[in-house]
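Reading through the structure tokens given below for one structure.
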Amino acid sequence: MHGKYRHGVSKLALIAIIVVIAAIAIGAGTYYFTVLPRSQIKNPDTIIVATIGEPETLDPAWAYDTASGEVIFNIYDTLIFFDGPKVDKFVPMIAEKVPSVENGLIKDNGMTIIFPIKKGIKTHDGGEITPEDVEYSFERAIVQERDGGPTWMLLEPLLGVDALEELGDISDPSQAAKIAEMIDKAIEVEGDNVVFHLAKPFPTTVFFQILSQTWSSIVDKECAVKNGAWPGTWDNWVDYHNPEVPELQEVDCGSGPFMLEKWEHGKEVSLIRFDNYFLGPAKIKRAVIKRVDEWSTRKLMFLKGDADIIYVPRQHMKEIEGAEGVRVVKDLPTLQVDAIFFTFEVDPKSPYIGSGKLDGNGIPPDFFKDVNLRKAFAYAFDYETYIKEAWLGEAEHIPGPIPKGLPGFNPDQPKYTHDLKKAEEYFKKALNGEVWEKGFKIIILYNTGNVQRKTAAEILKENIEKINPKFKVEVRAVEWPTYLKAMVKGQLPIFIIGWIADYPDPHNFVYPFMHSSGTFSAFQKYSNPTVDELIEKGITESDQSKRVEIYKELQKIYYEDVPSFIIDQPLARHYERDWVKGWYYNPIYPGVYFYVLSKGY
Amino acid sequence: MRAYLIRRLLLVIPTIIGVTLLIFGVTQLFDPYERASLYIRDPRQAADINEIIRKYGLDQPFYIQYFNWMSQVLRGNLGWSQSMHMSVLEALVTHLPATAELALYSAPLIIIFGIFLGKLSAVNKDKAIDHATRVVAIIGWSLPSFWLGIVLLAVFYGGLGIFPPGRLSPWAEAMIASGEFKVYTGLYTIDAILNLNPAVFLDALMHLVLPVTTIVTINVALIMRIMRSSMLEQLGKTYIIAARARGLTSKEVIDKHATKNALISVITISGILTAGLLSGMVITETVFEFKGVGYFAANAATQLDIPAVLGFALFAGLVFVIANLIVDILYAYIDPRIRLG
Numbered sequence: 008m009h010g011k012y013r014h015g016v017s018k019l020a021l022i023a024i025i026v027v028i029a030a031i032a033i034g035a036g037t038y039y040f041t042v043l044p045r046s047q048i049k050n051p052d053t054i055i056v057a058t059i060g061e062p063e064t065l066d067p068a069w070a071y072d073t074a075s076g077e078v079i080f081n082i083y084d085t086l087i088f089f090d091g092p093k094v095d096k097f098v099p100m101i102a103e104k105v106p107s108v109e110n111g112l113i114k115d116n117g118m119t120i121i122f123p124i125k126k127g128i129k130t131h132d133g134g135e136i137t138p139e140d141v142e143y144s145f146e147r148a149i150v151q152e153r154d155g156g157p158t159w160m161l162l163e164p165l166l167g168v169d170a171l172e173e174l175g176d177i178s179d180p181s182q183a184a185k186i187a188e189m190i191d192k193a194i195e196v197e198g199d200n201v202v203f204h205l206a207k208p209f210p211t212t213v214f215f216q217i218l219s220q221t222w223s224s225i226v227d228k229e230c231a232v233k234n235g236a237w238p239g240t241w242d243n244w245v246d247y248h249n250p251e252v253p254e255l256q257e258v259d260c261g262s263g264p265f266m267l268e269k270w271e272h273g274k275e276v277s278l279i280r281f282d283n284y285f286l287g288p289a290k291i292k293r294a295v296i297k298r299v300d301e302w303s304t305r306k307l308m309f310l311k312g313d314a315d316i317i318y319v320p321r322q323h324m325k326e327i328e329g330a331e332g333v334r335v336v337k338d339l340p341t342l343q344v345d346a347i348f349f350t351f352e353v354d355p356k357s358p359y360i361g362s363g364k365l366d367g368n369g370i371p372p373d374f375f376k377d378v379n380l381r382k383a384f385a386y387a388f389d390y391e392t393y394i395k396e397a398w399l400g401e402a403e404h405i406p407g408p409i410p411k412g413l414p415g416f417n418p419d420q421p422k423y424t425h426d427l428k429k430a431e432e433y434f435k436k437a438l439n440g441e442v443w444e445k446g447f448k449i450i451i452l453y454n455t456g457n458v459q460r461k462t463a464a465e466i467l468k469e470n471i472e473k474i475n476p477k478f479k480v481e482v483r484a485v486e487w488p489t490y491l492k493a494m495v496k497g498q499l500p501i502f503i504i505g506w507i508a509d510y511p512d513p514h515n516f517v518y519p520f521m522h523s524s525g526t527f528s529a530f531q532k533y534s535n536p537t538v539d540e541l542i543e544k545g546i547t548e549s550d551q552s553k554r555v556e557i558y559k560e561l562q563k564i565y566y567e568d569v570p571s572f573i574i575d576q577p578l579a580r581h582y583e584r585d586w587v588k589g590w591y592y593n594p595i596y597p598g599v600y601f602y603v604l605s606k607g608y
Numbered sequence: 256m257r258a259y260l261i262r263r264l265l266l267v268i269p270t271i272i273g274v275t276l277l278i279f280g281v282t283q284l285f286d287p288y289e290r291a292s293l294y295i296r297d298p299r300q301a302a303d304i305n306e307i308i309r310k311y312g313l314d315q316p317f318y319i320q321y322f323n324w325m326s327q328v329l330r331g332n333l334g335w336s337q338s339m340h341m342s343v344l345e346a347l348v349t350h351l352p353a354t355a356e357l358a359l360y361s362a363p364l365i366i367i368f369g370i371f372l373g374k375l376s377a378v379n380k381d382k383a384i385d386h387a388t389r390v391v392a393i394i395g396w397s398l399p400s401f402w403l404g405i406v407l408l409a410v411f412y413g414g415l416g417i418f419p420p421g422r423l424s425p426w427a428e429a430m431i432a433s434g435e436f437k438v439y440t441g442l443y444t445i446d447a448i449l450n451l452n453p454a455v456f457l458d459a460l461m462h463l464v465l466p467v468t469t470i471v472t473i474n475v476a477l478i479m480r481i482m483r484s485s486m487l488e489q490l491g492k493t494y495i496i497a498a499r500a501r502g503l504t505s506k507e508v509i510d511k512h513a514t515k516n517a518l519i520s521v522i523t524i525s526g527i528l529t530a531g532l533l534s535g536m537v538i539t540e541t542v543f544e545f546k547g548v549g550y551f552a553a554n555a556a557t558q559l560d561i562p563a564v565l566g567f568a569l570f571a572g573l574v575f576v577i578a579n580l581i582v583d584i585l586y587a588y589i590d591p592r593i594r595l596g
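Heads up: the sequence lines are chains A and V, in that order. The first sequence runs contiguously to residue 608 in our numbering. The second sequence runs contiguously to residue 596 in our numbering.
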């Protein structure tokens, strides 16, 4: 009896569950294969990008990351824009013409630049772009000037400073009024024109490169003010300076080829075609940028055609190669340079210098002040193995901080190569031979998950320890917050990091790498007055051939001074489904420019 | 009963304060430079780190920072999530439907399968079916969810082309974005019913199959084991022998007596399990692109996004307290001794 009951109910229940599951599976399968629209090209009017990360903001004055830039440069327009794949040729967008001395729109030796504004450009909010909108856009960007933001690029040519605080104390009303006047005068509307008055001589090409990017996006003033942005008045501008959150965080006040359809945080940003775009509507109806953190999922989506373009981490490159229906574009030169930096005066309390003395168990804080040691480390690094292992061979070993492809890059410039004999020679010379005799112990950090930095640190360790058994290098993994803290506090005797171009000009590289106020040099406490002078000269010189000579000279000094040594300039890849048409590569674009894309065979 | 409920609800306040104080305290173990890393994604921004610390008050004493946060919370402002780039409250509201939808389908399946298998195992103690059920359940319990998720995805989506990741297909997403489909709850299967749209309903269901399967496979063992041991305990009690002696059938003994009593312990664990599911399933949500509160919280924690982590702690604390409350009410309903006591 007991057994009969047990089996009877169990079987019934089991059968019921199986029937329900089978019904769902059959129903779902039938639906999937018959009801769902199917075509050879999946989602024919939509481009889906599957990537990692997501925008920080849609406010052009705030955005400084590529994920934000990718959305912004598809929903906003700029005065001028890069001419296709070129980084130093421009086409007019909101401006009628690209200013030049010949067409009379560049005057006063390049100190006055005039942009006639096109009429009838419709905005997503239903308005039209006017010269006042253009003036407002630049002034708002300067007024907002948030910490860690991109506005310094506009301040440098227009006000001659890197930060507004250099002009005075904005908390003092009289000084704030003075600064307001300076901002107001820098960009002015004259009839149908917008006139930029530069504060110092500045290379026109660099200025145009700055104007062609997202921080120079033209914002529909009415839309922006309606959404709580700076109202364009000067009496209270300080209230809108350096806000805690972006003014136009999730608002679309643009006139670009796409409009913001929705932003589902952590998931995707969806853009929809703007049919009234002044250059004509885009070929695709919708563009979706999906955040898919998990590589396996992202890969499957791409292989199944549910994503058209994806980000592939370097270590997974081979998994996609040769897959059906996939196009891989290789060897794309990037505007990124990675280097190993020396700190000339390490914080004496640093936990990464061991005993803090030259006793074989640590290093003194000023260890790397000795150029022999910097040279010894540069010779000890195995560049070839590093590029092979960390970048799977897809990177260049360049001599200085100016990437290949930019003016001023000098292919004939000598560079450090892997030479352990030379390294030994310099180690023996260092600190009057004491380093060789007593040995040292140094700690090199990398942030967890960064394969390139880990590989570089390990290669350095392996080679340096080979030279003298008294030399000890410890490689430690830490989280990014710890790494960042140690780097900015000058606690790391050696740090490995890279720089990605803000604008494609050598100045943007020599400044952080070599100028005493540059981002990295400041952490390193590296200062060379000749270098500072040359860098200042380079950015105020308008004759391009003279500039090239200055940058060549700077690279020569970089080689002799070795404040850091370059370990790579990566080559990128682009992965797309073969039905994607029209894509081209411009190394300064923050992402995919959807306007030129279509789908088809 | 009402006094009991009020007492339980009031207990939420010290619990939440305790949880947030603890989490806030832990985050303060990181120094301001480390906490500022949340705002510095790029070496180009590193030069401004000191200004960023000042601007966000990261160098202020612990109690001031906590007080500032608390005073904002009392005004209904949970702060800004720098990791999600939106207000914390908005982030929670945005991510909750995905998690709720997963929990809606997973929790009943886990409980039903768990009770069924536990009972089956117990009444067949030490027989082949008992061993088989236990082994299968334990294998499910031991599987890493990311591994199971990826395998399921590779087989069904990669191989067979069914059950894609995400919550909806692009055409359905477009339908929502265009306003053609109204979102009432954010739970797309429910919304599809409310919109009388079978295509979106099936599409949403298709997307739920693999994540729900993963969650059920992994969690069913928990309920099953509790049910089994509880059932065995009940079956060994004298009232069961007495019931049998009175001539009751096995079916009556098991269903009316043993099962009902065995369910008490299952209810407790089911409550905690459901609360756990509602607090998010990080791995499953990530692998299947089903981004809910678990994903939001994990993402915030890894980036030291303190307001977001605290906001999540508030939310999770509330979920657990409410779940416990429901469990207690159910207890009282099932077992009069609790109600009367």
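Built from N, CA and C at the ideal position, the CB exists for glycine as well. Note that this is a predicted model, so its numbers are computed, not measured.
The beta-carbon distance between residue 218 of chain A and residue 141 of chain A, rounded to whole angstroms, is 10 Å. This is too long to meet the 8 Å contact definition. Chain-order list of chain A residues neighbouring residue 413 of chain V: 307, 310 and 311, by C-beta distance under 8 Å. Contact with chain V is found for residue 272 of chain A, since one of that chain's Cβ atoms lies less than 9 Å from the residue's Cβ. Close CB contacts of residue 337 of chain V within its chain, under the 6 Å cut and outside five residues either way in sequence, are with 293 and 560 (chain order). The C-beta of residue 534 of chain V has 16 or more other C-beta atoms within 10 Å across all chains shown, which makes the residue buried. With the criterion set as a beta carbon lying under 9 Å from some beta carbon of chain A, the members of the stretch 437-471 of chain V are 453, 454, 457, 458, 460, 461 and 464, in sequence order. Nearest neighbour of residue 388 of chain A by Cα position, chosen from A:373, A:377, A:404 and A:399, turns out to be A:404. No Cβ of chain A is located within less than 9 Å of the beta carbon of residue 566 of chain V. Closest in alpha carbon position to residue 414 of chain A, among A:546, A:192 and A:392, is A:546.
Here the stretch 308-319 of chain V does not lie against the stretch 489-509 of chain A, with fewer than 3 beta-carbon pairs under 8 Å apart. By the CB criterion at 9 Å, residue 295 of chain A and residue 581 of chain A fall outside the cutoff.
Around the CB of residue 490 of chain A, 16 or more other CB atoms lie within 10 Å, so the residue is classed as buried.
Between residue 368 of chain V and residue 536 of chain V, the C-beta gap is not smaller than 9 Å, which leaves the two residues out of contact. Note that the C-beta distance between residue 344 of chain V and residue 566 of chain V is below 9 Å. Residue 332 of chain V does not reach chain A, its nearest Cβ partner there being about 12 Å away, counting only Cβ pairs nearer than 7 Å.
Not one beta carbon of chain A lies nearer than 9 Å to the beta carbon of residue 282 of chain V. Looking at the DSSP output, residue 340 of chain A shares a beta bridge with A:578. When A:602, A:587 and A:27 are compared, the shortest CA-CA separation from residue 317 of chain A is found for A:587. Contacts with chain A at 9 Å (Cβ-Cβ) do not include residue 386 of chain V. Taking a cut-off of 8 Å on C-beta distances, the stretch 483-502 of chain A touches the stretch 344-356 of chain A, as three or more cross pairs fall below it.
Counted as a single uninterrupted DSSP element, the alpha helix (DSSP H) harbouring residue 310 of chain V occupies residues 304-310. Residue nearest to residue 255 of chain A within the set A:517, A:27, A:68 and A:502 is A:68 (criterion: CA-CA distance). The Cβ-Cβ distance between residue 346 of chain A and residue 572 of chain A falls below 9 Å. Ranking A:471, A:552, A:464 and A:596 by CA distance to the CA of residue 393 of chain A puts A:464 first.
When secondary structure is reduced to three states using DSSP, residue 280 of chain A falls in the strand class. For residue 354 of chain V, the nearest beta carbon of chain A is not closer than 9 Å to its own beta carbon. The alpha-carbon of residue 550 of chain A is positioned some 30 Å away from that of residue 80 of chain A. Taking a cut-off of 8 Å for Cβ pairs, the stretch 516-525 of chain A and the stretch 558-568 of chain A touch, as three or more such pairs fall below it. Taking one beta carbon from each stretch, the stretch 308-315 of chain A and the stretch 410-426 of chain V have 3 or more pairs nearer than 8 Å; the two touch.
Nearest C-alpha to residue 195 of chain A among A:172, A:555, A:117 and A:122: A:122.
Cβ contact annotation for residue 605 of chain A (same chain, cutoff 7 Å, sequence separation greater than five): 290, 291, 588 and 589, in chain order. Residue 460 of chain V has its alpha-carbon roughly 13 Å from the corresponding atom of residue 30 of chain A.
Rounded to the nearest whole angstrom, the CA to CA distance from residue 104 of chain A to residue 569 of chain A is 44 Å.
For residue 448 of chain A, the uninterrupted beta strand (DSSP E) segment begins and ends at 447-454. In this structure, the CA atom of residue 549 of chain V is about 31 Å from the CA atom of residue 587 of chain V. The stretch 265-275 of chain A and the stretch 171-183 of chain A do not touch, with fewer than 3 CB-CB distances between them shorter than 8 Å.
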